[in-house]
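The sequence shown begins at 14 in the numbering used here and counts up one residue at a time. Cβ atoms here follow ideal geometry from the backbone N, Cα and C, with glycine treated the same way. Input: a single structure, listed below in structure tokens.
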Amino acid sequence: MDITRSSPAPLRVVAVPPEPVDLTALTEPADLTPLSQPADLTALTEPVDLTALSQPADLTALTEPAADPTALSQPAPDRPSTAAAPTAVPEERRRSRPRDLLALVRPGQWVKNLAVVPLALLDTHPWGAADLLRTGWAILGFTLASAVVYVVNDLADRERDRLHPVKRHRPIASGRVSPAAATVLTGLLALSLTGWAVAGPAWQWWPTALYLALSLAYSQGLKHVPLVDAFIVATGFVLRLLQGALLIGGRLSEWLALCVFSLCLMLSLGKRRHEMTAAGRAHRPALRGYTLAFLDHLVVLVAVLTAVSYVLYLRDDAALAAGASFVILLSAPCAVFGLARYLQLLLVEEGGGNPVHVLFRDRATLVNVGLWAVLVALALLTHPSG
Numbered sequence: 014m015d016i017t018r019s020s021p022a023p024l025r026v027v028a029v030p031p032e033p034v035d036l037t038a039l040t041e042p043a044d045l046t047p048l049s050q051p052a053d054l055t056a057l058t059e060p061v062d063l064t065a066l067s068q069p070a071d072l073t074a075l076t077e078p079a080a081d082p083t084a085l086s087q088p089a090p091d092r093p094s095t096a097a098a099p100t101a102v103p104e105e106r107r108r109s110r111p112r113d114l115l116a117l118v119r120p121g122q123w124v125k126n127l128a129v130v131p132l133a134l135l136d137t138h139p140w141g142a143a144d145l146l147r148t149g150w151a152i153l154g155f156t157l158a159s160a161v162v163y164v165v166n167d168l169a170d171r172e173r174d175r176l177h178p179v180k181r182h183r184p185i186a187s188g189r190v191s192p193a194a195a196t197v198l199t200g201l202l203a204l205s206l207t208g209w210a211v212a213g214p215a216w217q218w219w220p221t222a223l224y225l226a227l228s229l230a231y232s233q234g235l236k237h238v239p240l241v242d243a244f245i246v247a248t249g250f251v252l253r254l255l256q257g258a259l260l261i262g263g264r265l266s267e268w269l270a271l272c273v274f275s276l277c278l279m280l281s282l283g284k285r286r287h288e289m290t291a292a293g294r295a296h297r298p299a300l301r302g303y304t305l306a307f308l309d310h311l312v313v314l315v316a317v318l319t320a321v322s323y324v325l326y327l328r329d330d331a332a333l334a335a336g337a338s339f340v341i342l343l344s345a346p347c348a349v350f351g352l353a354r355y356l357q358l359l360l361v362e363e364g365g366g367n368p369v370h371v372l373f374r375d376r377a378t379l380v381n382v383g384l385w386a387v388l389v390a391l392a393l394l395t396h397p398s399g
């Protein structure tokens, strides 16, 4: 009696196999899914409390909640910092769009038209109001045409400009102006330019039209051809000079045209040299056809041609030479000094990438230009009126 009561083991062995619940637990895959939940795995492998305490924002919130209340609003270093960009950028774009659209047409470069077109007045008799108005009309036409070219060129080069340390800040390359807005602006400028051509003298706008055609061809592919790109840019300045001469009815001196062409070619080559030293050749395919030594030789060669053609213009073709030859020839040293100063900025100081900035920011150049202007003004005052 006592032995049978104290051995319950056979009863437990018989009761175990018939349990259906254990068999379904082994065969049903659904019971394994709770273990595959990411919450359970992370709870077993990575302690939540330790990772939470490793965030800098949480530490500041736990240790100094009152001393630095702005710490919670700062993004953690491990988290992406661009979360607020989609809300902040559109507001900035809406606030700066008029300014960005104005920057897109580069008003700082309009001085090129002011400096080159009125040179045609040097070959005329004493100026009248009609001559000044026609010169202003030529400046307006080239300003509109150059604005169209700037926008089209930035649209075509927006991907390459993003690789340049300076050009990546341009309105289209930086994303401040959308391509659609730039296209609309191009259409408005083209309509304004058409109105300018229709309202002006008949068939005297062809230099501006030729400049626009060359510039568009430049933007669409010729800018990638070494040497051709720089020559097209220089030709555009000669067309400015020719447009001014046509509108005022003056004669264009061949020496003056050659001087303007060689000067602008020197500035264009200098700009490419500066780009090579500042950003390499990746952003402009045409730079693969240049080397620094080759550009150095070309810049010096063209600078010599500029000085010689300027002196020959003063001696042979300048209308002012008859009445003020001595005064006007004094400007030749100013021209040579200006060329030498630009070469110094380009080759010695590794600058000169933006000729407009050199003209308005370099003190030596400003003093030299002022002296040259005084000498030319004296020549104009002593020019005979007949």
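Just the Cα atoms here: how many angstroms apart are residue 319 and residue 117? To locate residue 319, count along the sequence shown from 1; it is residue 306. To locate residue 117, count along the sequence shown from 1; it is residue 104. The alpha-carbon atoms of residue 319 and residue 117 are separated by roughly 31 Å.
According to DSSP, is residue 367 part of a helix, a strand, or is it coil? By 1-based counting over the sequence shown, the position of residue 367 is 354. Three-state DSSP puts residue 367 in coil, outside helix and strand.
Going by Cα to Cα distance, which pick from 266, 158 and 329 is closest to residue 228? Here residue 228 corresponds to residue number 215 of the sequence shown, with the count starting at 1. Nearest of 266, 158 and 329 to residue 228, Cα basis: 158.
Where residue 244 and residue 387 are concerned, what is the direct C-alpha to C-alpha distance, given to the nearest angstrom? Here residue 244 refers to the residue found at position 231 when the sequence shown is read from its first residue. Here residue 387 refers to the residue found at position 374 when the sequence shown is read from its first residue. Their Cα atoms are separated by approximately 32 Å.
Assuming residue 401 and residue 224 are in contact, meaning their beta carbons sit under 8 Å apart, how far apart are those beta carbons, in whole angstroms? Nothing about residue 401 can be read from this structure; the chain reaches only from 14 to 399.
Quick one, are the C-beta atoms of residue 265 and residue 214 less than 8 Å apart? Translated into the one-based positions of the sequence shown, residue 265 becomes position 252. Translated into the one-based positions of the sequence shown, residue 214 becomes position 201. Between residue 265 and residue 214, the gap from beta carbon to beta carbon reaches 8 Å or more.
Measure the CB-CB distance between residue 195 and residue 168 and report whether it falls below 8 Å. Your numbering for residue 195 matches position 182 in the sequence shown. Your numbering for residue 168 matches position 155 in the sequence shown. Cβ distance < 8 Å, so residue 195 and residue 168 count as in contact.
Where does residue 261 fall in DSSP's three states? Within the sequence shown, numbered from 1, the residue matching residue 261 stands at position 248. Residue state, collapsed to three classes: helix.
Output the boundary residues of the alpha helix (DSSP H) element that contains residue 179. Here residue 179 is taken as the residue at index 166 of the sequence shown, counted from 1. Segment: none, residue 179 is in no alpha helix (DSSP H) and carries neither H nor E.
Any contact of the region 309 to 316 with the region 350 to 360, i.e. 3+ C-beta pairs under 8 Å? yes
Which of helix, strand or coil does DSSP assign to residue 447? Because residue 447 is not part of the residues shown, which for the chain are 14 to 399, the question remains open.
Taking the continuous alpha helix (DSSP H) assigned at residue 111, which residues delimit it? Stepping through the sequence shown from its first residue, residue 111 is reached at position 98. Element bounds for residue 111: 98 to 117.
Meets three-Cβ-pair contact criterion under 8 Å: the region 359 to 373 and the region 283 to 301: yes
Our contact map puts residue 250 next to residue 164 with C-beta atoms below 8 Å; I'd like the distance itself, whole angstroms only. On the sequence shown, position 237 is the one that residue 250 refers to. On the sequence shown, position 151 is the one that residue 164 refers to. Actually they are not in contact, since the Cβ atoms of residue 250 and residue 164 sit about 20 Å apart, beyond 8 Å.
Please report the distance separating the alpha-carbon of residue 290 from that of residue 304. Taking the sequence shown and counting its residues from 1, one reaches residue 290 at position 277. Taking the sequence shown and counting its residues from 1, one reaches residue 304 at position 291. In a straight line, the C-alpha of residue 290 is about 10 Å away from that of residue 304.
If you measure between the beta carbons of residue 247 and residue 272, is that distance less than 8 Å? For the purposes of this step, residue 247 is identified with residue 234 of the sequence shown, where counting begins at 1. For the purposes of this step, residue 272 is identified with residue 259 of the sequence shown, where counting begins at 1. Contact flag unset, no.
Expressed to the nearest angstrom, what Euclidean distance is found between the alpha-carbon atoms of residue 282 and residue 124? Looking up residue 282 in the sequence shown gives position 269. Looking up residue 124 in the sequence shown gives position 111. Between residue 282 and residue 124, the C-alpha separation is close to 19 Å.
Candidates 309, 218, 197 and 220: which alpha carbon is nearest residue 360's? Working through the sequence shown from its first residue, we reach residue 360 at position 347. The option with the nearest alpha carbon to residue 360 is 309.
Taking the alpha-carbon of residue 219 as reference, which of 184, 189, 255 and 233 has the nearest alpha-carbon? Indexing the sequence shown from 1 puts residue 219 at position 206. Of the candidates 184, 189, 255 and 233, the one whose C-alpha sits nearest the C-alpha of residue 219 is 255.
Cα-Cα separation between residue 373 and residue 379, rounded to whole angstroms: Within the sequence shown, the letter at position 360 stands for residue 373. Within the sequence shown, the letter at position 366 stands for residue 379. Rounded to the nearest angstrom, the two C-alpha atoms are 6 Å apart.
Contact belief for residue 202 with residue 160 at Cβ below 8 Å, rounded distance in angstroms: Locating residue 202 in the sequence shown gives position 189, where the first residue counts as 1. Locating residue 160 in the sequence shown gives position 147, where the first residue counts as 1. Indeed they touch by this definition, with Cβ atoms about 5 Å apart.
Spatial neighbours of residue 326 in its chain, beta-carbon cut-off 7 Å, leaving aside the 5 residues before and after: Within the sequence shown, the letter at position 313 stands for residue 326. Excluding sequence neighbours, residue 326 sits near 266, 268, 269 and 272.
Taking DSSP as the reference, what is the three-state secondary structure of residue 273? Indexing the sequence shown from 1 puts residue 273 at position 260. Helix at residue 273.
Local conformation of residue 232 per DSSP, three classes: For the purposes of this step, residue 232 is taken as the residue at position 219 of the sequence shown. Here residue 232 sits in helix by DSSP.
Can you round the beta-carbon distance between residue 341 and residue 348 to whole angstroms, since I take them to be within the 8 Å contact cut? Within the sequence shown, the letter at position 328 stands for residue 341. Within the sequence shown, the letter at position 335 stands for residue 348. At roughly 11 Å, the Cβ-Cβ gap does not stay under 8 Å, so residue 341 and residue 348 are not in contact.
Given residue 299 as reference, the closest of 188, 170, 191 and 210 once Cα atoms are compared: As a position in the sequence shown, residue 299 is number 286, starting the count at 1. Among 188, 170, 191 and 210, the Cα nearest to that of residue 299 is on 170.
Tell me whether residue 383 sits in a helix, a strand or coil according to DSSP, three-state version. The sequence position of residue 383 within the sequence shown is 370, counting from 1. DSSP places residue 383 in helix when its eight states are reduced to three.
Nearest CA to the CA of residue 190: which residue from 383, 126, 115 and 212? Residue mapping note: residue 190 aligns to position 177 of the sequence shown, counting from 1. Residue 115 is the option with its Cα nearest to residue 190.
Report, in whole angstroms, the separation of the C-beta atoms of residue 240 and residue 302, which I expect to be a contact under 8 Å. Residue numbering aside, residue 240 sits at position 227 when the sequence shown is read from its first letter. Residue numbering aside, residue 302 sits at position 289 when the sequence shown is read from its first letter. Contact flag correct, Cβ pair sits at about 7 Å.
Hey, out of 209, 328, 297 and 153, whose CA is closest to residue 177's CA? Numbered from its first residue, the sequence shown carries residue 177 at position 164. For residue 177, the nearest C-alpha among the options comes from 297.
Among 197, 166, 199 and 390, the one whose alpha carbon lies nearest that of residue 183: Sequence index remark: in the sequence shown, residue 183 carries index 170 (1-based). Comparing Cα positions, the closest option is 166.
Would you decide whether residue 112 is buried or exposed? Buried here means 16 or more other CB atoms lie within 10 Å of its CB. In the sequence shown, the residue the question calls residue 112 occupies position 99. By the 10 Å Cβ count, residue 112 comes out exposed.
Sub-8 Å separation of residue 322 and residue 385 beta-carbons: Here residue 322 refers to the residue found at position 309 when the sequence shown is read from its first residue. Here residue 385 refers to the residue found at position 372 when the sequence shown is read from its first residue. In this structure, residue 385 does not lie closer than 8 Å to residue 322 by Cβ.
List the endpoints of the continuous alpha helix (DSSP H) containing residue 153. Indexing the sequence shown from 1 puts residue 153 at position 140. Segment 142 to 169, the alpha helix (DSSP H) holding residue 153.
As assigned by DSSP and simplified to three states, the class of residue 123: By 1-based counting over the sequence shown, the position of residue 123 is 110. Correct three-state label for residue 123: coil.
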